[in-house]
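Just so we're aligned, residue 4 is where the sequence shown starts under my numbering, counting upward by one. Ideal Cβ positions, reconstructed from N, Cα and C, are used throughout, including at glycine. Reviewing the structure listed below.
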Amino acid sequence: MNVNSPKFSSKTKKSIFRSVVTNLTFWVLISIIAGVLLGHFSPENGVKMKIVGDTFVDIIKLFIGPIIFLTIVLGISGMGNLKKVGRIGVKSLAYFEVVSTIALAIGVAVAYLFQPGKIDKSGLDLQDASKYTNHAAENFSWLQFFFSNFTLQVLLAAIVCGIALNFYQKREQTILVLERFSKVVFTGLKYVMYFAPLGAFGGMAYTIGKFGLETLIPLGKLMLCVYITMALFVFLILGGLLKYYKINMLPILKYIKEELLLVLGTSSSEAALPGIMVKLEQMGCSKSVVGLVIPTGYSFNLDGTSIYLSMSVIFIAQLYDVHLSFFEILTVIGILMITSKGAAGVTGSGFIVLASTLTALHKIPVEGLAFLLGVDKFMSEARAITNLIGNTVATLIISKTEKDFIELNLNPVHE
């Protein structure tokens, strides 16, 4: 058949049109644009859309516990080597600490290079930061961190159950039951994800409607620095690590574009947690590595948050013309290495961590947080996206080091 014939052209156009309109990524992107337009031109209606975005994220959160539990239990019980469980855990935590420390250092370096805080603070919108600064004197508690972190609780319970299942006489029958239940959970998640465009629309409409695009102008330099720094970190540091293992970053980002857009729309990396676990397994990572690295990473491997926290500390210091010695800068990084772990899972916890860090330093005014509140929501997308990419890369690298990475399959067959 002649490829230039009208019949062929019509079929091709229909095929392209169908592939576009049935693509979830397309509708999430359209929803984000629609959310921005609604929030900008009708702020009062945009703010009302908060319930739409929040409801979608809350529904997704219902799947997080069962998916983490089932993935880890089935992964450990099918591993047959409990030493490997410990090795993956130790290796993951070591990787997280090294990479997140690099992220902290990069944040400090870029903040000193571009000096986003060297602006006239009299023109900035001052907001009430008391609900965060009031908690600044509270010491960081690992016990409190554990009890306030649902993901870590499920992770620990799943590891214990997975290890115990290896010694259970009816192990095979139990695994079959769990596998059936797992299929039901993932099928349910698949149908819920069809509503992702609504979640992205609601989240973006609320953000723009509540805070307004005009709030970006006074602190535009800081926002630009944060976004540039996170892009550099993703492509140079994380991209370099992947390159060492002969994996290219761009195909990975293209493959997880649906999750990235979902995070962009909802400002929540948790919204993409179940989906990213599924995709990493489809790429070729083993269930055991995915189950151990991703949930742990969501609590301990917050690269985007680390960059934001370190840049914010330096930003506030520059805003008040506070000079920090080299030793004090190292102290900031050291404190954030510990306190940043408490920035997971709780809304507003990043500000509490910042307040705690500034209080511990006894040199930078804690009240400076008030200047960040207006644009924090616009930077949360960059944090969440960087956190998601960081944990994706961590899983791929740990899989490679464990030789559990069977094949990089970026064209999986969707059921």
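Asked: To the nearest angstrom, how far is the alpha carbon of P69 from that of I367?; Found: 43 Å
Asked: Hey, out of I35, L40, I63 and A108, whose CA is closest to L333's CA?; Found: A108
Asked: Could you pull out every residue in the same chain whose Cβ sits closer than 6 Å to the Cβ of Y301, ignoring the five residues on either side in sequence?; Found: T154
Asked: Once you ignore the five residues that flank L265 on each side, which residues in its own chain have a CB closer than 8 Å to its CB?; Found: V31, A199, G202, A203, A274, A275 and G278
Asked: Do you know how far the Cα of F303 is from the Cα of E100?; Found: 8 Å
Asked: Enumerate in chain order the residues of its own chain whose CB-to-CB distance from I67 is below 8 Å, with the five nearest sequence positions on each side excluded.; Found: F153, T154, V157, E273, L276 and P277
Asked: Per DSSP, what kind of secondary structure is G348 in: helix, strand or coil?; Found: Here G348 scores only 48 on pLDDT, less than 50, and its place in the model is too uncertain to base an answer on.
Asked: Tell me whether Y171 sits in a helix, a strand or coil according to DSSP, three-state version.; Found: coil
Asked: If N169 and S80 are in contact, beta carbons under 8 Å, what's the gap, nearest whole angstrom?; Found: 6 Å
Asked: Kindly list the residues whose CB is nearer than 6 Å to the CB of G42, restricted to its own chain and excluding five residues on each side of it in sequence; keep chain order.; Found: G49, A208, I211 and G212
Asked: Quick check: the Cα distance between I54 and F214, rounded to an integer number of angstroms?; Found: 16 Å
Asked: By the DSSP assignment, the alpha helix (DSSP H) with T342 in it spans what residues?; Found: F329 to T342
Asked: Where in the region 366 to 411 do unbroken runs of the alpha helix (DSSP H), each at least 4 residues long, occur, reported from the N-terminal end onward?; Found: 376 to 404
Asked: With a Cβ-Cβ cutoff of 7 Å, do S343 and S309 count as a contact?; Found: yes
Asked: Using CA coordinates, which residue listed in I240, L227, L267 and L376 is at the minimum distance from Q118?; Found: L227
Asked: Rounded to the nearest angstrom, how far is the Cβ of V229 from that of M340, given a contact under 8 Å?; Found: Between M340 and V229 the Cβ distance is about 19 Å, and since that is not below 8 Å, they are no contact.
Asked: Go ahead and label T350 buried or exposed: buried means 16 or more other beta carbons lie within 10 angstroms of its beta carbon, across all protein chains shown.; Found: Bear in mind that a pLDDT of 48 at T350, under 50, signals an unreliable position, so the number given afterwards is only what the model happens to contain. When all chains shown are included, T350 counts as exposed.
Asked: What is the DSSP secondary structure of M252, counted as helix, strand or coil?; Found: helix
Asked: How would you call P254, buried or exposed, if buried means at least 16 neighbouring beta carbons within 10 angstroms?; Found: exposed
Asked: Could you check if V6 is buried or exposed, using at least 16 other CB atoms within 10 Å of its CB as the buried criterion?; Found: At V6 the pLDDT is 48, less than 50, meaning the model places this residue with poor confidence; the figure from the coordinates comes in the next sentence. Burial call: exposed.
Asked: If I measure Cβ to Cβ from L391 and keep anything under 6 Å in the same chain, skipping five residues before and after, which residues do I get?; Found: V266, S272 and A275
Asked: By how many angstroms is the C-alpha of L364 removed from the C-alpha of I474?; Found: The chain is shown from 4 up to 418; residue 474 falls before or after that span and cannot be answered.
Asked: According to the Cβ coordinates, are E261 and L27 closer than 7 Å?; Found: yes
Asked: Closer than 6 Å by C-beta to G294: which residues in its own chain qualify, once you throw out the five before and the five after it? Chain order, please.; Found: T74, I75 and G78
Asked: Where does G118 sit, in a helix, a strand or coil, going by DSSP?; Found: In the sequence under discussion, the amino acid at residue 118 is Gln, which differs from the Gly named in the question. In this structure, Q118 counts as coil in the three-state DSSP scheme.
Asked: Please list, in chain order, all residues of the same chain as S34 whose beta carbon is under 6 Å from its beta carbon, the five residues on each side excluded.; Found: P200, A203 and F204
Asked: Which value, in whole angstroms, describes the spacing of the CA atoms of G348 and S313?; Found: Here the model assigns G348 a pLDDT of 48, short of 50, so the residue's position is not dependable, and the following value carries that caveat. If I take the Cα positions, the gap works out to 19 Å.
Asked: Tell me which residues share the same chain as V325 and place their Cβ nearer than 7 Å to its Cβ, disregarding the 5 neighbours each side in the sequence.; Found: K366 and I367
Asked: Rounded to the nearest angstrom, what separates Y248 and I400 at their Cα positions?; Found: 7 Å
Asked: Which word fits V320, buried or exposed, when buried means at least 16 other C-beta atoms lie within 10 angstroms of its C-beta?; Found: As written in the sequence, residue 320 is Ala, which differs from the Val given in the question. Buried, because 16 or more other Cβ atoms sit within 10 Å of the Cβ of A320.
Asked: Would you tell me roughly how many angstroms separate the C-alpha atoms of L256 and K193, rounded to the nearest one?; Found: 20 Å
Asked: For the alpha helix (DSSP H) that I220 lies in, which residues bound it at each end?; Found: Here I220 belongs to no alpha helix (DSSP H), and DSSP marks it neither H nor E.
Asked: Just reading off the alpha helix (DSSP H) that I70 is part of, what are its end residues?; Found: K53 to S80
Asked: For F72, tell me which candidate among T299, A112 and I259 has the shortest Cα-Cα distance.; Found: T299
Asked: In whole angstroms, give me the CA-to-CA distance for I336 and Q176.; Found: 50 Å
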